[in-house]
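What follows is a set of notes on a single structure, which appears directly below.
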Amino acid sequence: MKDVYVVGGALHPAGRHYDKNIDDLAAAVLDKAIADAQADIEALFVASSTAELGNKQQLLGVYVLESLGLDKIPVFRIENGDGSGGAAVVAAYHALRAGEYNCVAVVGVDKPNDVLSNQQQDIYATTLDTHFERYFGFTPLSYAALMAKMYLKKYEYKYEDLARWAVLMHAHGAGNPYAYFRRPVKLEDAVNSEVVSEPLRLYDVGPLADGAAAAVLCNNKKKDGPRILSVTTSTNAVGFNARNEYDVLYSLEEAARSALKKAGITPRDIAAAEVHDSFSIFGALALEGLGIVKRGGALAALREGDLPVNLSGGFKARGNILGATGVYQVVELAWQLMGREFKRVEGNYGVVHSMGGVDRVSTVIVVGL
Amino acid sequence: MKHESVPIYWRNIPQYYRLVAKRCKKCGAVHFPPVVRCRCGSKELEDLELPKEGKLVEFTVLHQVGTDFLKQKPLVVGLVELSNGVRVVGQIVDAQVEKLAPGAKVEVVFRRVVADGKHGLVMYGYKFRPVGL
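Structure follows, in structure tokens:
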């Protein structure tokens, strides 16, 4: 089996890109990532959550290639909801490990702002069970709120403890030139923001943003870049109503255990983590699921001060770019380890957590220098 | 969402109208929504209509909703444990939110869920109403 390296990458600033079509946005970052890698790609893996429902485009990869004047390159479209990005990196990794290709690109793209905000809710809700959850009006936010409510009660936290997540994310996002929000916020801003689904407020929600990210992965080290040490995707195929507990991310637990074991590291070796905090509570639960803090201890750790989690600003400040986010995370983490565009982290290992739906599928990717 | 599908709605009516679940004949586990294979491995499953009363486990008041629910917002949604221990998620209706708390007794009611525009489908289903509040 061959080793896999992150040889090149490119990010598009998250935001509202009304002037660009989805394929053009993806093509722009893919072009930059290929130039950055100085390598020819042999396959393209496309991660997107809502290209069909929101942007009315199937076969996205082909149109991205067409825009760049590239031809005869196989394309594979990966949809795992808002966890598509991580899953696409996993697919690319396996193809390279097997030696089927030497260099491939992964591009993640989503443009939620091509539709109105209530239509975004309709579409995001299709990551839930469409017949028995979405049908009755549930959205991912409503489930995040229920989980947050139960978590805060069980561990006797106050809402302020959870609101610190947004403050930390904004502090980190201020240092990310590609973030949607690049300004710090105060705890009182978060605590006084509008209630969207109690106990959650506006600042607990990662804003949906348009964006695209691309990574070029190769199984020979053509250029400086960290190595992907391991990947694991796992699922939680139990409905929200039938969960044993509501303060744990089951899909992450298994993915984290397996990926860390394969990489031969422990949670203590993690110098930086990019986790799927589409809602603040998921960020807290992801810290616990990765073993960085003990169960129920995430918000207490947050009270103590800074944590090396989501140096990008996470979903709250970088933005929630749906299926593209996992690719953002991998590039961000690679750059944090290299000290490129981000401050160099103190340590040689980082992890990405990319999740689809409300704890339905999680991918953990361990990256090391 | 605009233009909901008639076949999708029609084939889920036993669940939407009567909460028809599947019970495993081998291990007794009850599955809602229905499944075709139990976690114990058995494919011998029978229909079971779920009880129509239970208690609230937890709820939230949702202010950001999809296009079908704009006229109904905010939506009170929650997790309910029915009297046989099976849990179901759904809307909580006719509730004074300030009096609602985990443990509150609820009953199943049959309500309109979505009306797809002026000329489209009107779709129905179960919701939960607090009892004695």
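Top line first, the protein sequences correspond to chains D and E. Counting along the first sequence from 1, when you hit position 44 you're at 44 in the working numbering, and nothing is skipped either side. Counting along the second sequence from 1, when you hit position 44 you're at 44 in the working numbering, and nothing is skipped either side. Think of the CB as a built atom: it goes at the ideal place given N, C-alpha and C, for glycine as much as any other residue.
Does any CB atom of chain D fall closer than 8 angstroms to the CB of Leu-62/E? Here residue 62/E is taken as the residue at index 62 of the second sequence, counted from 1. Using beta-carbon distances, Leu-62/E counts as an interface residue toward chain D, with a partner under 8 angstroms.
So what does DSSP say about Tyr-203/D, is it helix, strand or coil? Here residue 203/D is taken as the residue at index 203 of the first sequence, counted from 1. Three-state DSSP puts Tyr-203/D in a helix.
Within chain E, the residues that Met-150/D reaches when beta carbons sit closer than 7 angstroms: Within the first sequence, residue 150/D is the residue found at index 150, counting from 1. Counting only Cβ-Cβ distances below 7 angstroms, Met-150/D has contacts in chain E at Glu-58, in chain order.
CA-CA distance, Lys-316/D and Ala-144/D? As a working note, residue 316/D is residue 316 in the first sequence. As a working note, residue 144/D is residue 144 in the first sequence. The alpha-carbon atoms of Lys-316/D and Ala-144/D are separated by roughly 14 angstroms.
So for Gly-323/D, helix, strand or coil by DSSP? Here the question's residue 323/D lines up with position 323 in the first sequence. Looking at Gly-323/D - three-state DSSP - the assignment turns out to be helix.
Pairs of beta-carbons, one from the segment 194-207 of chain D and one from the segment 217-224 of chain D, closer than 8 angstroms: are there three or more? No: fewer than three Cβ pairs fall under 8 angstroms.
Does Tyr-124/D come out as helix, strand or coil in the three-state DSSP assignment? Locating residue 124/D in the first sequence gives position 124, counting from the first residue. Of the three classes helix, strand and coil, the one that applies to Tyr-124/D here is helix, per DSSP.
Check whether chain D comes within 8 angstroms of Asn-12/E, counting only Cβ atoms and requiring the distance to be less than that. Locating residue 12/E in the second sequence gives position 12, counting from the first residue. Contact of Asn-12/E with chain D is assigned, a C-beta pair being separated by under 8 angstroms.
Give every residue of the same chain whose Cβ lies closer than 8 angstroms to the Cβ of His-31/E, excluding the five residues on either side of it in the sequence, and list them in chain order. Walking along the second sequence from the start, residue 31/E turns up at place 31. These residues qualify, in order along the chain: Ala-21, Lys-22, Arg-23, Cys-24, Cys-38, Leu-45.
Got a sec? Which residues, its chain only, sit under 6 angstroms from Gly-86/D by beta carbon, not counting five neighbours each side? What you label residue 86/D is simply residue 86 of the first sequence in a count that begins at 1. Same-chain partners within the cutoff: Gly-326, Ser-354, Thr-363.
Per DSSP, what kind of secondary structure is Lys-25/E in: helix, strand or coil? Here residue 25/E refers to the residue found at position 25 of the second sequence. Correct three-state label for Lys-25/E: coil.
For chain E, find out if any of its Cβ atoms is closer than 8 angstroms to the Cβ of Leu-337/D; answer yes or no. By one-based count along the first sequence, residue 337/D stands at place 337. No, because no Cβ of chain E sits closer than 8 angstroms to the Cβ of Leu-337/D.
With 8 angstroms as the limit, tell me which residues of the segment 62-82 of chain E have their beta carbon closer than that to any beta carbon of chain B; keep them in chain order. The question asks about chain B, but that chain is absent: this structure's protein chains are D and E.
Where DSSP assigns a beta bridge to His-31/E, which residues make up the other side? By 1-based counting over the second sequence, the position of residue 31/E is 31. Its beta-bridge partners are Lys-22/E.
Go through the segment 129-216 of chain D residue by residue and report every complete run of the alpha helix (DSSP H) that reaches 4 residues or more, in order. 140-154, 159-173, 187-191
Cβ-based contacts, 8 angstroms cut-off: residues of the segment 262-275 of chain D near chain E: none
Can you tell which of Gly-54/D, Asp-82/D, Val-62/D has its C-alpha closest to the C-alpha of Phe-76/D? The residue labelled residue 76/D in the question sits at position 76 within the first sequence. The residue from Gly-54/D, Asp-82/D, Val-62/D with its alpha-carbon nearest to that of Phe-76/D is Val-62/D.
For the segment 138-168 of chain D, which residues have a CB atom closer than 7 angstroms to at least one CB atom of chain E, in sequence order? Phe-138, Thr-139, Leu-141, Ser-142, Ala-145, Leu-146, Lys-149, Met-150
For Gly-90/E, go through chain D and note every residue whose CB falls closer than 7 angstroms to its CB, in chain order. The sequence position of residue 90/E within the second sequence is 90, counting from 1. Within chain D, the residues near Gly-90/E are Phe-136.
Excluding five sequence neighbours on each side, which residues of the same chain lie with their C-beta closer than 6 angstroms to the C-beta of Gly-289/D? As a first step, residue 289/D is located in the first sequence; it is residue number 289 there, counting from the start. Excluding positions up to five away in sequence, the list reads Leu-249, Leu-252, Glu-253, Ala-256.
Throw me the rounded Cβ distance for the Gly-206/D and Phe-138/D pair, which I believe falls under 8 angstroms. Working through the first sequence from its first residue, we reach residue 206/D at position 206. Working through the first sequence from its first residue, we reach residue 138/D at position 138. Actually they are not in contact, since the Cβ atoms of Gly-206/D and Phe-138/D sit about 18 angstroms apart, beyond 8 angstroms.
According to DSSP, simplified to helix, strand and coil, what is His-353/D? Stepping through the first sequence from its first residue, residue 353/D is reached at position 353. Strand, per DSSP.
Interface residues of chain D around Arg-87/E at Cβ under 7 angstroms? For the purposes of this step, residue 87/E is identified with residue 87 of the second sequence, where counting begins at 1. Per Cβ cutoff of 7 angstroms: Asn-241, Ala-242.
Any C-beta of chain E under 8 angstroms from that of Glu-245/D: Your numbering for residue 245/D matches position 245 in the first sequence. For Glu-245/D, the answer is no, since every Cβ of chain E falls outside 8 angstroms of its Cβ.
Quick check: what's the CA-CA separation for Glu-4/E versus Leu-141/D? The residue you call residue 4/E lines up with position 4 of the second sequence. The residue you call residue 141/D lines up with position 141 of the first sequence. The alpha-carbon atoms of Glu-4/E and Leu-141/D are separated by roughly 22 angstroms.
Under 9 angstroms by beta carbon: chain E residues contacting Val-196/D: Counted from its first residue, the first sequence places residue 196/D at position 196. Residues of chain E passing the Cβ test: Leu-62, His-63, Gln-64.
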